[in-house]
Every structure is written in structure tokens, then in C-alpha cells.
Amino acid sequence: MTNSAQIPSSIDPSTQGLAPLSEWGLILVEGPDAATLLQSQLSNSVLGLKRTIAGEIAHGHDVRLVGYCNPKGRLLASAWLGLFLIQY
Numbered sequence: 002m003t004n005s006a007q008i009p010s011s012i013d014p015s016t017q018g019l020a021p022l023s024e025w026g027l028i029l030v031e032g033p034d035a036a037t038l039l040q041s042q043l044s045n046s047v048l049g050l051k052r053t054i055a056g057e058i059a060h061g062h063d064v065r066l067v068g069y070c071n072p073k074g075r076l077l078a079s080a081w082l083g084l085f086l087i088q089y
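Okay, structure coming up:
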């Protein structure tokens, strides 16, 4: 838990509203059946997500909070899901 004494008194305005998520990872799912796979495995719909260009910040309706559950419905992991246009 973080208390107010642990929060830095000066916040860089260029990063206001952003937080480091060093414990989080990134999973890239691609291919013609990627949406079908995710739709069948996650607790929230992947349909209708707006594309975000890689390097931009996805927000609002561009991302969804999803859960990955075991067959009994117990949450194994949670994640923020976004649809990013990756150009190779």
C-alpha cells in the first residue's frame, strides 16, 4: 500500500497521469484467428476495439479490462486489452 509520504512531491508534467508498470508484461497475439481465440478465452469482448497505432497511448474505448479464468471461473490473470496496429 502506498501512503502520501511515499508519493514524490514534484511530479513531472510530461508524465502526469502515467505510472510505471514494471511488474506487467506484454503479450502479442497475431494471426487470422487471433480475435476468435481471445474472444473464446477472455471475460470481456474483443469485438469492436478501435485500433491504436503502436507507440501511441490507448485509452477510453480503445482498451478493455479482461480476465482469464480457469474452467471453474476463478480468475487466473487480469489484463488491459488493446488492438495495436504493428507495422513491420
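Each residue of the sequence shown is one higher than the one before, counting from 2 in my numbering.
Note that CB positions come from ideal geometry on N, CA and C, so glycine has one too.
Neighbourhood of residue i by C-beta, 6 Å cutoff - its chain only, sequence neighbours within 5 removed
| i | result |
| --- | --- |
| Ile-54 | Leu-86 |
| Arg-52 | Leu-84, Leu-86 |
| Arg-65 | Asn-45, Leu-82 |
In DSSP terms, what residue i is bridged to
| i | result |
| --- | --- |
| Leu-86 | Ile-54 |
Cβ distance (whole Å) where residue i is taken to contact residue j below 8 Å
| i | j | result |
| --- | --- | --- |
| Val-1 | Leu-82 | One cannot answer for residue 1 here, as it falls past the ends of the chain, which runs 2 to 89. |
| Val-47 | Ala-36 | 5 Å |
DSSP three-state assignment for residue i, whether helix, strand or coil
| i | result |
| --- | --- |
| Thr-3 | At Thr-3 the pLDDT is 49, less than 50, meaning the model places this residue with poor confidence and gives no usable figure here. |
Neighbourhood of residue i by C-beta, 7 Å cutoff - its chain only, sequence neighbours within 5 removed
| i | result |
| --- | --- |
| Ser-44 | Val-67, Gly-68, Cys-70 |
Every unbroken beta strand (DSSP E) inside the stretch 9–73 [3 residues or more]: 52–54, 64–70
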